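Residue numbers (the working numbering): 2 to 183.
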């Protein structure tokens, strides 16, 4: 059983784990389906005391998971549906969770959004943002989500010419295009 304590990593339900070696200043990534817990718990009430800075950083990690899964060469219709709904939820609820950490509905929706993003990337995979974000995070002790937030627009600009359709996703239910950035 794994109990999630932040709305961002999806560690409670994916085959990925990251171990930080502070002595060597590196992050080691383990990907193994055998580490997926039999039971995953996302209880937003345990997230109510998380500081705004951690909420923002982990939320950007979740957003990056969703975006990278959506633009991945491993994407398929099911991962697309999960990723786009995750983007919608995170765009809507992350600012509210950051502004008011005791907003239980915002915490619940963020927990659900990060879970959907985890489902998407667990199948479609991640990309260059995550591949590059571990190095500055380990060497400069920066939060992973902050590194993702810095790198996501840079990598998107790099990749966009090769995947225009993926970087201009369909319209959201409200008629507006999905926006990656909160």
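Virtual Cβ for every residue (Gly too), placed ideally from N, Cα, C. Small disclaimer: the values here were computed from a predicted structure and weren't measured.
> If you draw a straight line from the C-alpha of residue 100 to the C-alpha of residue 165, how long is it?
Replying inline: 33 Å
>> Please report whether the beta-carbon of residue 163 lies at a distance below 8 Å from any beta-carbon of chain E.
In response: No chain E is present in this structure, which holds just one protein chain.
> Tell me the DSSP bridge mates of residue 29?
Replying inline: 20
>> Between which two residues does the beta strand (DSSP E) holding residue 4 run?
In response: 3–5
> Just how far apart, CA to CA, sit residue 6 and residue 144?
Replying inline: 15 Å
> Among 116, 31, 54, 124, which one has its Cα closest to the Cα of residue 75?
Replying inline: Of 116, 31, 54, 124, the residue nearest in Cα terms is 124.
> From which residue to which residue does the beta strand (DSSP E) around residue 43 run?
Replying inline: 41–43
> Quick one, are the C-beta atoms of residue 73 and residue 128 less than 8 Å apart?
Replying inline: yes
> Which runs of the beta strand (DSSP E) spanning at least 3 residues fall entirely within the region 33–93, listed in chain order?
Replying inline: 41–43
> Taking the alpha carbon of residue 40 as the point to measure from, which residue in 91, 121, 132, 12 has its own alpha carbon closest?
Replying inline: Sorting 91, 121, 132, 12 by C-alpha distance to the C-alpha of residue 40 places 12 at the top.
> Counting Cβ pairs, one atom from each stretch, are 3 or more of them under 8 Å apart for the region 31–39 and the region 75–88?
Replying inline: no
> According to DSSP, is residue 1 helix, strand or coil?
Replying inline: This structure does not reach residue 1, given that the chain is present from 2 up to 183, and the question cannot be answered.
> For residue 130 versus residue 142, is the C-beta spacing smaller than 8 Å?
Replying inline: no
>> Helix, strand or coil for residue 103? Go by DSSP, reduced to three states.
In response: coil
>> If I follow the unbroken alpha helix (DSSP H) through residue 128, where does it start and stop?
In response: First-last for residue 128: undefined, no H or E at that position.
>> Just to confirm my understanding: we take residue 161, look at its own chain, exclude 5 residues before and 5 after, and list those with CB closer than 8 Å. What are they?
In response: 168
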